[in-house]
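Going down the list, the sequences are from chains L and E. 765 is the number that our numbering gives to position 116 of the first sequence; each next residue is one higher, with no gaps. 729 is the number that our numbering gives to position 80 of the second sequence; each next residue is one higher, with no gaps. Structure record follows, encoded as structure tokens.
Protein chains: 2
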Amino acid sequence: MPALSSPPSAGEMTLPRLLGALSDPTRLGIVRVLSDGAERGWGELRAPVAKSTLSHHLKVLREAGVTQTRQEGTRCFVTLRRDSLEARFPGLVPALLSAAVADGVGAHVTVGDEDEDEVVG
Amino acid sequence: MPALSSPPSAGEMTLPRLLGALSDPTRLGIVRVLSDGAERGWGELRAPVAKSTLSHHLKVLREAGVTQTRQEGTRCFVTLRRDSLEARFPGLVPALLSAAVADGVGAHVTVGDEDEDEVVG
DNA sequence: CCCTTTGTTCGGTACCTGGCGAACATCAGA
DNA sequence: TCTGATGTTCGCCAGGTACCGAACAAAGGG
């Protein structure tokens with residue numbers, strides 16, 4: 650795939666941008682999935698949107714400084730940039746995550762095995 | 650002026666809505682101004698936008714459950730709904746406010762005396 | 001009863017956002 | 001080298017947002 654056009658760039662981490670990035674339920678869900686600090690494969694993410702849309706969401710998160718993407722061959726692996734976030738906005742992301750979990754926001758985003766289709770039922 | 654069309658309605662307080670409301674620098678500035686808990690007069694708010702735009706921002710904040718507006722005669726007074734926010738999203742708003750202050754976001758919104766025009770530096 | 005004040009609403013504009021499918025670029029494998 | 005897998009990018013569309021000035025509604029003051 651084409652090279653990632655937008656490197657994370659720490660200087661671009663502004664509060665309005667972060668909040669804008671996290672004001673979408675699907676993106677909040679992605680952050681929830683990544684919140685345990687583990688690296689997740691792109692194809693492992695399960696969200697009820699088209700591939701292009703998911704790519705878009707991941708780009709927004711990346712450009713807001715929320716996530717970091719590593720490329721390995723033809724695959725991508727995503728991680729939450731917890732340290733940078735905590736350094737720049739202390740306590741914000743944890744509070745955000747507990748609120749999201751408590752409210753059930755973003756629960757439609759999950760992780761699944763690579764070649765596994767949408768779970769029905 | 651017309652009656653407030655949209656009462657605060659506690660059930661409408663969702664996380665994405667809150668984040669969307671606070672993803673705008675001007676609205677973050679309004680929240681900063683109100684963050685000391687004091688009630689502020691509408692006309693006391695100083696923001697570099699038109700009256701109609703300021704009204705719009707206050708409406709967004711009100712509908713997101715962030716603020717409360719009281720009408721007294723022909724004037725309005727605005728307060729931050731700190732308790733409801735803290736109850737529903739513990740620690741979130743304080744973290745948000747410290748981050749905003751640290752980053753200087755929303756500093757263009759201030760309070761001034763009633764009949765005082767734009768302060769020109 | 002008019003007229004001012006105060007904030008809301010309306011109409012309009014320009015831009016941004018989320019959604020999709022299709023096309024593309026890149027890497028790995030046959 | 002051709003083929004498949006993997007994400008990204010490209011239109012495109014529908015809807016939302018920020019912004020303004022102007023028109024409006026409501027309450028008070030002359």
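We put the CB at the ideal spot given by N, CA and C, even for glycine.
Handout entry: Element boundaries [alpha helix (DSSP H), containing residue 666 of chain E]
Key = 664–671
Handout entry: Cα-Cα separation, residue 747 of chain E to residue 693 of chain L
Key = 35 Å
Practice task
Drop a sphere of 10 angstroms on the beta-carbon of residue 739 of chain E, count the other beta-carbons inside from all chains shown, and report buried for 16 or more, exposed for fewer.
Solution key: exposed
Handout entry: Which of helix, strand or coil DSSP assigns to residue 769 of chain L
Key = Low confidence applies here, because residue 769 of chain L scores a pLDDT of 49, under 50, leaving its location unreliable and the question unanswered by this model.
Exercise for the section: Return the chain-ordered list of same chain residues with a C-beta closer than 8 Å to the C-beta of residue 689 of chain L, the five sequence neighbours on each side being excluded. Expected result: 682, 683, 726, 727, 728, 760
Exercise for the section: Taking residue 748 of chain E as the query, report the chain L residues whose CB atoms sit under 9 Å from its CB, ordered along the chain. Expected result: 664, 667, 737, 738, 739, 740, 741
Problem - Whole runs of the alpha helix (DSSP H) within the region 697–756 of chain L, excluding any shorter than 4 residues - result: 700–712, 731–737, 741–752
Problem - chain L contacts made by the region 708–719 of chain E, where a contact means CB separation under 7 Å - result: none
Practice task
Quick one: list the residues of chain L neighbouring residue 682 of chain E, beta-carbon separation under 9 Å, in chain order.
Solution key: Chain L residues near residue 682 of chain E: none, gap ~16 Å exceeds 9 Å.
Practice task
Would you mind giving the Cβ-Cβ distance between residue 667 of chain L and residue 749 of chain L, rounded to the nearest angstrom? I have them listed as a contact below 8 Å.
Solution key: Residue 667 of chain L to residue 749 of chain L, Cβ: 14 Å. No contact.
Exercise for the section: Could you have a look at residue 761 of chain E and say whether DSSP puts it in helix, strand or coil? Expected result: coil
Handout entry: Inter-stretch contact (C-beta, 8 Å, three-pair minimum) for the region 702–710 of chain E and the region 706–718 of chain L
Key = no
Exercise for the section: Specify, as a first and last residue, the run of the alpha helix (DSSP H) that residue 678 of chain E falls within. Expected result: 674–683
Practice task
Leaving aside the five residues before and after residue 703 of chain E along the sequence, list all residues of the same chain whose C-beta is less than 7 Å from its C-beta, in chain order.
Solution key: 694, 696
Practice task
Determine the burial state of residue 730 of chain L: buried for a count of at least 16 other Cβ atoms within 10 Å of its Cβ, exposed for fewer.
Solution key: buried
Handout entry: Nearest candidate by alpha-carbon position, reference residue 735 of chain L, set E:699, E:744, E:734, E:737
Key = E:744
Problem - residue 690 of chain E (DSSP reduced to helix, strand or coil) - result: strand
Problem - Within chain E, the residues that residue 674 of chain L reaches when beta carbons sit closer than 8 Å - result: 665
Practice task
Kindly list the residues whose CB is nearer than 8 Å to the CB of residue 757 of chain E, restricted to its own chain and excluding five residues on each side of it in sequence; keep chain order.
Solution key: 674, 675, 678, 696, 697
Practice task
Flag residue 754 of chain L as yes if its beta-carbon sits less than 8 Å from any beta-carbon of chain E, otherwise no.
Solution key: yes
Exercise for the section: Kindly say whether residue 696 of chain E, judged by its beta-carbon, lies nearer than 8 Å to any beta-carbon of chain L. Expected result: no
Problem - Beta-carbon proximity of residue 754 of chain L to residue 664 of chain E, cut-off 8 Å - result: yes
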